[in-house]
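>
There are 2 protein chains.
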Amino acid sequence: MAITVVGSVAFDSIETPAGKRDRCLGGAATYFSLAASYFTDVRVIAVVGEDFGPAEEAVFRNHNIDTRGIERAAGKSFFWQGSYLDNLNEAKTHATELNVFGAFQPKIPDEYRDSEFLFLANIDPVLQRRVREAMPQARLVAGDTMNYWIKDHRPALLQVLKGLDVLLINDTETRMLAGNSNLVKAARAVLDMGPRMLVVKHGEYGATVFHKSDHEAGARPFRAPALPLEEVMDPTGAGDSFAGGFFGYLASQPTLTPATFRRAMFYGSVMGSFTVERFGTERLQQLSREEIDERFNLFRELTHLD
Amino acid sequence: MAITVVGSVAFDSIETPAGKRDRCLGGAATYFSLAASYFTDVRVIAVVGEDFGPAEEAVFRNHNIDTRGIERAAGKSFFWQGSYLDNLNEAKTHATELNVFGAFQPKIPDEYRDSEFLFLANIDPVLQRRVREAMPQARLVAGDTMNYWIKDHRPALLQVLKGLDVLLINDTETRMLAGNSNLVKAARAVLDMGPRMLVVKHGEYGATVFHKSDHEAGARPFRAPALPLEEVMDPTGAGDSFAGGFFGYLASQPTLTPATFRRAMFYGSVMGSFTVERFGTERLQQLSREEIDERFNLFRELTHLD
Numbered sequence: 001m002a003i004t005v006v007g008s009v010a011f012d013s014i015e016t017p018a019g020k021r022d023r024c025l026g027g028a029a030t031y032f033s034l035a036a037s038y039f040t041d042v043r044v045i046a047v048v049g050e051d052f053g054p055a056e057e058a059v060f061r062n063h064n065i066d067t068r069g070i071e072r073a074a075g076k077s078f079f080w081q082g083s084y085l086d087n088l089n090e091a092k093t094h095a096t097e098l099n100v101f102g103a104f105q106p107k108i109p110d111e112y113r114d115s116e117f118l119f120l121a122n123i124d125p126v127l128q129r130r131v132r133e134a135m136p137q138a139r140l141v142a143g144d145t146m147n148y149w150i151k152d153h154r155p156a157l158l159q160v161l162k163g164l165d166v167l168l169i170n171d172t173e174t175r176m177l178a179g180n181s182n183l184v185k186a187a188r189a190v191l192d193m194g195p196r197m198l199v200v201k202h203g204e205y206g207a208t209v210f211h212k213s214d215h216e217a218g219a220r221p222f223r224a225p226a227l228p229l230e231e232v233m234d235p236t237g238a239g240d241s242f243a244g245g246f247f248g249y250l251a252s253q254p255t256l257t258p259a260t261f262r263r264a265m266f267y268g269s270v271m272g273s274f275t276v277e278r279f280g281t282e283r284l285q286q287l288s289r290e291e292i293d294e295r296f297n298l299f300r301e302l303t304h305l306d
Numbered sequence: 307m308a309i310t311v312v313g314s315v316a317f318d319s320i321e322t323p324a325g326k327r328d329r330c331l332g333g334a335a336t337y338f339s340l341a342a343s344y345f346t347d348v349r350v351i352a353v354v355g356e357d358f359g360p361a362e363e364a365v366f367r368n369h370n371i372d373t374r375g376i377e378r379a380a381g382k383s384f385f386w387q388g389s390y391l392d393n394l395n396e397a398k399t400h401a402t403e404l405n406v407f408g409a410f411q412p413k414i415p416d417e418y419r420d421s422e423f424l425f426l427a428n429i430d431p432v433l434q435r436r437v438r439e440a441m442p443q444a445r446l447v448a449g450d451t452m453n454y455w456i457k458d459h460r461p462a463l464l465q466v467l468k469g470l471d472v473l474l475i476n477d478t479e480t481r482m483l484a485g486n487s488n489l490v491k492a493a494r495a496v497l498d499m500g501p502r503m504l505v506v507k508h509g510e511y512g513a514t515v516f517h518k519s520d521h522e523a524g525a526r527p528f529r530a531p532a533l534p535l536e537e538v539m540d541p542t543g544a545g546d547s548f549a550g551g552f553f554g555y556l557a558s559q560p561t562l563t564p565a566t567f568r569r570a571m572f573y574g575s576v577m578g579s580f581t582v583e584r585f586g587t588e589r590l591q592q593l594s595r596e597e598i599d600e601r602f603n604l605f606r607e608l609t610h611l612d
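These protein sequence lines map, in sequence, to chains X and Z.
Mapping the first sequence onto this note's numbering, position 119 (from 1) lands on 119, and the numbers just tick up by one.
With positions in the second sequence counted from 1, the corresponding number in this note's numbering is that position plus 306.
#1: Taking its Cβ as the centre, do 16 or more other Cβ atoms sit within 10 Å of GLN137/X, making it buried, or is it exposed?
#2: Are PHE101/X and PHE78/X close, meaning C-beta to C-beta below 8 Å?
#3: Would you kindly work out how many angstroms separate the C-alpha atoms of VAL276/X and ALA238/X, rounded to a whole number?
#4: When you compare only the Cα positions, how much space is there between ALA440/Z and PRO412/Z?
#5: Jot down the residue ranges of each uninterrupted alpha helix (DSSP H) in the segment 527–564 of chain Z, minimum 4 residues, whole runs only, in chain order.
#6: For ARG438/Z, which three-state DSSP category applies?
#7: Let me make sure I understand the geometry here. Which of VAL126/X, SER37/X, PHE274/X and VAL5/X has the alpha-carbon closest to that of PHE299/X?
#8: Among residues of its own chain, excluding the 5 on either side of ALA264/X, which ones have a beta-carbon nearer than 7 Å to its beta-carbon?
#9: What are the residues of the segment 508–521 of chain Z that lie near chain X, defined by any Cβ-Cβ distance shorter than 7 Å?
#10: Per DSSP, what kind of secondary structure is ASN147/X in: helix, strand or coil?
#11: For THR609/Z, would you say it is in contact with chain X, using Cβ-to-Cβ distances shorter than 8 Å as the test?
#12: Starting from the N-terminal side, write out each stretch of the alpha helix (DSSP H) that is 4 residues or longer and does not extend beyond the segment 162–209 of chain X.
#13: For ILE456/Z and LEU483/Z, what's the separation of their Cα atoms in angstroms?
#14: Is it true that the CB of ALA29/X sits closer than 8 Å to the CB of VAL48/X?
#15: Could you list which residues in chain X have their beta carbon closer than 8 Å to that of VAL538/Z, in chain order?
#16: Using a Cβ cut-off of 8 Å, pull out every chain X residue sitting near LYS491/Z, in sequence order please.
#17: Under three-state DSSP, which class holds ILE320/Z?
#18: Decide if the segment 83–101 of chain X is in contact with the segment 110–119 of chain X; the criterion is three or more beta carbon pairs, one per stretch, under 8 Å apart.
#19: Check whether the Cβ of PRO254/X lies closer than 8 Å to any Cβ atom in chain Z.
#20: Does ARG72/X have its Cβ less than 8 Å from a Cβ in chain Z?
#21: Less than 7 Å between C-beta atoms, sequence neighbours within five positions excluded: which residues of the same chain meet that for ALA187/X?
#22: Please confirm whether PHE274/X has its beta-carbon closer than 8 Å to some beta-carbon of chain Z.
#23: If we define contact as Cβ-Cβ less than 8 Å, is ALA352/Z a contact residue for chain X?
#24: Under the three-state reduction of DSSP, which class applies to THR609/Z: helix, strand or coil?
#25: Run through DSSP, which three-state label would THR40/X get?
#26: Alpha carbons only, please: which of GLY325/Z, THR451/Z, TYR573/Z and SER547/Z is nearest the one belonging to VAL466/Z?
#27: Within 10 Å of its beta-carbon, does THR609/Z have 16 or more other beta-carbons around it, so buried, or fewer, so exposed?
#28: If you reduce the DSSP assignment to three classes, tell me which class GLU50/X lands in.
#29: For the beta strand (DSSP E) containing GLU403/Z, list its first residue and its last residue.
#30: Does the beta carbon of TYR258/X come closer than 8 Å to any beta carbon on chain Z?
#31: For ARG589/Z, would you say it is in contact with chain X, using Cβ-to-Cβ distances shorter than 8 Å as the test?
#32: In chain Z, which residues lie less than 9 Å from PRO155/X when you measure between Cβ atoms?
#33: Could one say the Cβ of ALA523/Z lies closer than 8 Å to chain X's Cβ atoms, at least one of them?
#34: Spatial neighbours of GLN81/X within its chain, please: C-beta separation below 6 Å, excluding the five flanking residues on both sides.
#35: Taking contact to mean 3 or more Cβ pairs, one atom from each stretch, closer than 8 Å, check whether the segment 33–41 of chain X and the segment 285–295 of chain X are in contact.
#36: Can you tell me whether GLY325/Z is helix, strand or coil according to DSSP?
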């Protein structure tokens, strides 16, 4: 099944203890698309500026990602500059320039309208909702958000949550959204806001999925590990890559059983683990499905008793 | 096989968002012994004051824990007062009174000398080493330590590490001991200091075991989850209970294979998860082996794909 993703395609300047990169291709929709492209067809809705050239276009094309929904606007692309010099788990933002992204009005190509899977990456919840409503045929809808929307755009965000099957956010965002510091109680409160499933991303400790009814058979909380990595070069995009692996795997499967969702959690964690091994999307650009499945098996070994 | 444990038996006054308790039975050796007692015979070496009465003695006796190595000294027992009001993951210490523990000289009863398993709980590394050397017959020796010894008593601690098979510490202690913020590199550096295995406890995210040679079959890093808990009443003693479950299970097994160690990691996590559900040792005092194995299965479900 094809996935349509709406979100940012951007340039990032990143500094970490391992080095720095200037203006490398980034953005949530980019990481998501590349990660998901190893599993299924992906279609992107985004806006870029005149600085988005053939080299960037080729990154998507090389992974058979449909870019007809990437609008070219006059001006510069979304730009983010950040560093992780003190703490690899938390970016320090030095600059955020919305540029053409500031006036983004998602336009959905007709060819995208049969997408059965829809991912609403972290953008203004007003836009997330508009895209969701414009694609009523989507049978599984997942989304992401961040502290800024949770704090200052709550009513719009709550509208989005009502239309989501799966919300993927991190521990801090979960606690903030629910106003509860206990993760299990916070998860239940978030599930009461709409989504059937909540995937809480724990960074280097993996991720846990909570279900609206955890009394359903096979729908208890499930935790996927993250691999203890020797070399974390750049954590940018790990969460979006998790979402891409998770949702891409789901979209590639003929039926969605509890076991499918558990495996999807592992694939999410696998894709996140690859991303952080190199700067930006470097590692995501050069994977093979064999490498992915090899690491999937490593993750299984990491947590399985027998 | 019997385990001998040396460590603190204390009184704790604890305040958490769920309430408070004054002078409840605590101390690393207490939590460890109770947790391990569900798996095997446990013998304690400690010192207590005149405030340690029949009620406290009964807690150990009810679990068939050998208390002949608990010395009674004139004065008061070790006392700790702390709170977790702001952050359940980090205790704020309000008072530490060493009392009789300040002059602790471990005395090993002759009846303990055939113990094949030895656990050196978090005490002065000079004492840990002395006990280890006095029990040369121990064929598996594990231990714990803390930031204070790592920072200010490093040479003595390094001597202890040379004699350990398994060191169990948390993330922060691992990074501090190794002087490296990357967990995998830090783990390797710690393993170079002596222990064959390092168990890094991640609090609410479980624990990971690293092996000296991760190229040995079955000796790759292994991660046990922690259960996402709705009610964390009091985190005191979770790490010591982990150690008790981990080491107690090992001591109960006829052979120690890589699979045994993986299961021991799960049992450690299980015992930690029980402890935090009630104040102090309340929950640990009232378990059954059936409840423990039921939760073990829950943990398996939480992370296993099939």
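Where a beta carbon is used, it is the ideal one built from N, C-alpha and C, also for glycine.
With the given structure in hand:
#1: As a first step, residue 137/X must be located in the first sequence, where it is residue number 137. Exposed: under 16 other Cβ atoms inside 10 Å.
#2: In the first sequence, residue 101/X corresponds to position 101, counting from 1. In the first sequence, residue 78/X corresponds to position 78, counting from 1. It is a contact, given that the beta carbons lie within the stated cut-off.
#3: Here residue 276/X refers to the residue found at position 276 of the first sequence. Here residue 238/X refers to the residue found at position 238 of the first sequence. One C-alpha to the other measures close to 6 Å.
#4: Within the second sequence, numbered from 1, the residue matching residue 440/Z stands at position 134. Within the second sequence, numbered from 1, the residue matching residue 412/Z stands at position 106. When rounded, the distance between both Cα atoms is 10 Å.
#5: 544–557
#6: Counting from one through the second sequence, the residue named residue 438/Z turns up at place 132. In this structure, ARG438/Z counts as helix in the three-state DSSP scheme.
#7: Within the first sequence, numbered from 1, the residue matching residue 299/X stands at position 299. It is PHE274/X.
#8: By 1-based counting over the first sequence, the position of residue 264/X is 264. Excluding sequence neighbours, ALA264/X sits near PHE246, TYR249 and LEU250.
#9: HIS508, TYR511 and THR514
#10: Counting from 1 along the first sequence, the entry for residue 147/X is found at position 147. Helix.
#11: As a first step, residue 609/Z is located in the second sequence; it is residue number 303 there, counting from the start. Chain X places a beta carbon closer than 8 Å to that of THR609/Z, counting this residue as a contact.
#12: 171–178 and 183–192
#13: Numbered from its first residue, the second sequence carries residue 456/Z at position 150. Numbered from its first residue, the second sequence carries residue 483/Z at position 177. Cα to Cα, ILE456/Z sits roughly 6 Å from LEU483/Z.
#14: Stepping through the first sequence from its first residue, residue 48/X is reached at position 48. Stepping through the first sequence from its first residue, residue 29/X is reached at position 29. Against a cut-off of 8 Å, the Cβ pair of ALA29/X and VAL48/X comes out as no contact.
#15: As a working mapping, residue 538/Z is identified with position 232 in the second sequence. Correct list: ASN182.
#16: For this step, residue 491/Z is matched to residue 185 along the second sequence. Per Cβ cutoff of 8 Å: GLU230.
#17: Numbered from 1 along the second sequence, position 14 holds the residue referred to as residue 320/Z. The answer is strand: DSSP assigns ILE320/Z an E or B state.
#18: no
#19: What you label residue 254/X is simply residue 254 of the first sequence in a count that begins at 1. Taking Cβ atoms only, chain Z never reaches closer than 8 Å to PRO254/X, which makes this a no.
#20: Taking the first residue of the first sequence as position 1, residue 72/X is located at position 72. It does not: the Cβ of ARG72/X has no partner Cβ on chain Z nearer than 8 Å.
#21: The residue you call residue 187/X lines up with position 187 of the first sequence. Excluding positions up to five away in sequence, the list reads THR174, LEU198, VAL200 and PHE210.
#22: Here residue 274/X is taken as the residue at index 274 of the first sequence, counted from 1. Cβ-Cβ to chain Z under 8 Å: no for PHE274/X.
#23: Within the second sequence, residue 352/Z is the residue found at index 46, counting from 1. No, ALA352/Z lies away from the interface with chain X (no Cβ there is under 8 Å from its Cβ).
#24: Position 303 of the second sequence, counting from 1, holds the residue named residue 609/Z. Looking at THR609/Z - three-state DSSP - the assignment turns out to be helix.
#25: Here residue 40/X refers to the residue found at position 40 when the first sequence is read from its first residue. In this structure, THR40/X counts as coil in the three-state DSSP scheme.
#26: Numbered from 1 along the second sequence, position 160 holds the residue referred to as residue 466/Z. Per the Cα distances, THR451/Z.
#27: Here residue 609/Z refers to the residue found at position 303 of the second sequence. By the neighbour-count rule (16 or more Cβ atoms within 10 Å), THR609/Z is buried.
#28: The residue you call residue 50/X lines up with position 50 of the first sequence. Correct three-state label for GLU50/X: coil.
#29: As a working note, residue 403/Z is residue 97 in the second sequence. From DSSP, the beta strand (DSSP E) with GLU403/Z extends over 398–403.
#30: For the purposes of this step, residue 258/X is taken as residue 258 along the first sequence, with counting starting at 1. In the sequence on display, residue 258/X carries Pro and not Tyr. False, the Cβ-Cβ gap to chain Z never drops below 8 Å.
#31: The residue you call residue 589/Z lines up with position 283 of the second sequence. No, no contact with chain X.
#32: Translated into positions along the first sequence, residue 155/X becomes position 155. Per Cβ cutoff of 9 Å: no residues; PRO155/X is ~28 Å from chain Z at best.
#33: Here residue 523/Z refers to the residue found at position 217 of the second sequence. A caution first: ALA523/Z carries a pLDDT of 48, below 50, which makes its placement in the model unreliable, though a value can still be read off. False, the Cβ-Cβ gap to chain X never drops below 8 Å.
#34: Within the first sequence, the letter at position 81 stands for residue 81/X. Taken in chain order, the residues that qualify are SER13, HIS94 and ALA95.
#35: With a cut-off of 8 Å, the segment 285–295 of chain X and the segment 33–41 of chain X count as touching, because enough Cβ pairs lie within range.
#36: Taking the second sequence and counting its residues from 1, the one referred to as residue 325/Z is at position 19. GLY325/Z falls in the strand class under three-state DSSP.
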